[in-house]
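Down below is the structure, laid out as structure tokens.
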Amino acid sequence: RYIMVDEYQDTNPAQFRLLEALTSTHKNICVVGDDDQSIYAWRGADPAHILGFDQHFYGTKKIILDQNYRSTNTILQAANEVISKNPKRYPKSLWSGKGPGSPIHLVAVEDDRAEAQMVVEEIQRRATERAMNSVDPNFVPWRDFAILYRANAQSRIFEESMRLHSVPYKLVGAMSFLDRKEIKDLLCYWKLVLNPNDDASMRRIVNWPARGIGKATIELVHERSVKSGKTFYETMLEEEITRQLSEKTQKGIGQFCQLLDELKKNLAGIERVQYGSQDELFLAAISEWAKNSIERIGAKLALQNEEEDIAKAQRRLENIEELANAIGMMDLAPYLEAGSPQTAIDVLQEYLSQLILNSKEEKEDDEIPQNAVTIMTLHGAKGLEFPIVFLVGLEDGYLPHQRTIDEGTDLSEERRLFYVGITRAKEELYLVRAKNRIRYGKPIPRNACRFLTDIPAELTLERDESSTPEFRSEEAEKKHEEEVSTFFAEIQKRLKKP
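Going by the working numbering, the first residue of the sequence shown is number 16, and it counts up by one from there.
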């Protein structure tokens, strides 16, 4: 007779129709929800259900719960200012009895590497401080910290930096970057470029993307290679094997071998000596090769064929692009001391060796640490709370997401996502952005997240750790000029009044 629904803002049309049917007679329904936290449109949630509740269920009594027991008033004031810019919402303003608390840290850094380093070192410093001020100074409260980001591909560099600084972490709601299928597949290609006799890698991707080399063929070649003691690659090219295969399969094997040869030839042509002392250009060339390898392999089409959800396919593509991009951010210094890599093949070998070592270290510790820094997406963080939160990647393109910007669609959900991120923090909040993102070894200027301008300056403690001046795209520059023009036009208009 009585129906109660929690998180009502996340209901989809089917769930809404079910509720209508169940309450068609008695109308005894109570829902709890926050329209400002409706962030799951990609899985069917529609904030119109909660915004129009009193129109669907007449005689509704509405109770606004505006006292927040989690965050400080400074954090809540920032959140209120950000979300108030959304046109379709129930007007409300959260407040807290916890007092103002600390100002919000607004931090600008140079690039991806600087962002990860700053965040991890700041966590180390703050965690040590908290330990010294606690009952047990030997217990470092890593669990008090969270790093939140918009896209899964952003996790890689933070995972890497955490391992480098020996900070315990747990990746919530997603596989480790190196454990994702698309990452493993691309790494297998790169391993085969260096060593075509890597049988495990060969069997994994000889038919990825699909090229007519079925499971039966792979099993036939594998059994033959085991008996003969030859590698899978050698056996696959034997006449005794090829004459048993269809013309389509033979063609697929030929194309695969040709692809590996082409990738290796192009990589071998990149030598350090060509770039003098400019190792960043040397790395950029290797990173560009890695990017081109994704295109030559046909990974984008393969991922689209594997996934019905276009957005999911795009996220997986972003992951492998991030892997290729990471080569351009390598630190060559340790390798220069050990023997100075002179060719791109040397660098790729070192890069893969380090990735494999990192992967092994992760697998040796299967147990998820309880006292660890949490790393997760903003979507995954909904409903959670942490004493100190770092929102990273706060630039247009990440938040709001580039796809939303390109489509020219409403940014309300992206703004709600930022609001959710802000309100995860109990005590302190860091809003971090990079002025540049390294893309295939080259710095690409970035605009600050447009939502940051909604936060009043008096609530923030701003610091700029970069050496780069602010960047404004043509669109941002035009908007700025229009705002300045409007401002002065308004002044002139008022001056003319008697």
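We put the CB at the ideal spot given by N, CA and C, even for glycine.
Quick caveat: nothing in here was measured; it's all calculated off a predicted structure.
Own chain partners of residue i with C-beta closer than 6 Å, once the 5 adjacent residues on each side are dropped
i: Asp479; result: Ala123
i: Gly116; result: Thr87, Thr89
i: Gly188; result: Met391, Gly395
i: Glu105; result: A quick correction: the sequence has Tyr, not Glu, at residue 105. If we look at Tyr105 and ignore the five residues flanking it on each side, its Cβ neighbours are Asp50.
i: Asn160; result: The sequence shown places Phe at residue 160, not Asn. Cβ within range, chain order: Ile138, Val388, Ile403.
i: Gln169; result: Gly408
Sequence-distant residues of the same chain with beta carbon closer than 7 Å to residue i, five excluded per side
i: Asp213; result: Lys206, Leu207
i: Cys464; result: Leu409, Glu410, Asp411, Leu414, Arg448
Three-way DSSP call (helix, strand, coil) for residue i in this model
i: Leu260; result: coil
i: His120; result: strand
i: Phe72; result: coil
i: Thr5; result: What the structure shows of the chain is the stretch from 16 to 513, and residue 5 is not part of that stretch, so it cannot be assessed.
i: Lys242; result: helix
i: Phe247; result: helix
i: Phe154; result: coil
i: Ile470; result: coil
i: Trp57; result: helix
i: Thr232; result: helix
i: Cys464; result: coil
i: Ile437; result: helix
i: Trp110; result: strand
i: Tyr84; result: coil
i: Lys315; result: helix
i: Leu412; result: A small fix is needed here, since residue 412 is Gly in this sequence, not Leu. Strand at Gly412.
i: Lys206; result: helix
i: Glu443; result: strand
i: Ile371; result: helix
i: Val135; result: helix
i: Tyr164; result: strand
i: Leu186; result: strand
i: Glu22; result: coil
i: Arg454; result: strand
i: Glu477; result: strand
i: Pro62; result: coil
i: Val407; result: coil
i: Pro484; result: coil
Exposure of residue i, with buried meaning 16 or more beta-carbon neighbours within 10 Å
i: Tyr413; result: buried
i: Asn340; result: buried
i: Thr87; result: buried
i: Tyr248; result: buried
i: Glu130; result: buried
i: Pro484; result: exposed
i: His416; result: buried
i: Met19; result: exposed
i: Glu255; result: exposed
i: Met190; result: exposed
i: Pro102; result: exposed
i: Ser427; result: buried
i: Tyr73; result: exposed
Selected residue, minimal CA-CA separation from residue i, among the options
i: Tyr17; options: Ile44, Asp25, Asn27, Leu91; result: Ile44
i: Thr520; options: Ile420, Ser99, Lys397; result: The chain is shown only over 16 to 513; residue 520 falls outside these bounds and no answer can be derived.
i: Gln52; options: Gln289, Leu393, Lys242, Asp411; result: Leu393
i: Gly398; options: Leu37, Ile54, Gln92; result: Ile54
i: Ile233; options: Val407, Ser368, Ile268; result: Ile268
i: Ile453; options: Leu406, Glu429, Lys279, Met345; result: Met345
i: Arg128; options: Ala326, Ile172, Trp304; result: Ile172
i: Tyr184; options: Pro471, Tyr455, Gln385; result: Gln385
i: Asn334; options: Tyr434, Ile162, Leu201, Glu277; result: Leu201
i: Phe297; options: Asp425, Met147, Gly456; result: Gly456
i: Thr26; options: Glu253, Arg239, Trp57; result: Trp57
Residues near residue i by beta carbon distance below 8 Å, same chain, minus five either side
i: Gln259; result: Leu235
Flag this pair as touching only if the stretch 188-198 and the stretch 319-337 have three or more C-beta atom pairs under 8 Å; answer yes or no. yes
Answer yes if the stretch 224-244 comes into contact with the stretch 297-316, meaning at least three C-beta pairs across the two stretches below 8 Å, and no otherwise. yes
Please determine if the stretch 78-98 and the stretch 420-439 are in contact, where contact requires at least 3 C-beta pairs separated by less than 8 Å. yes
Three or more beta-carbon pairs under 8 Å between the stretch 441-449 and the stretch 172-179, yes or no? no
Check whether the stretch 229-238 and the stretch 258-272 touch, using three or more Cβ-Cβ pairs below 8 Å as the test. When Cβ pairs closer than 8 Å are counted between the two stretches, the stretch 229-238 is seen to touch the stretch 258-272, the count reaching three or more.
Does the count of Cβ pairs from the stretch 357-372 and the stretch 282-289 closer than 8 Å reach three? yes
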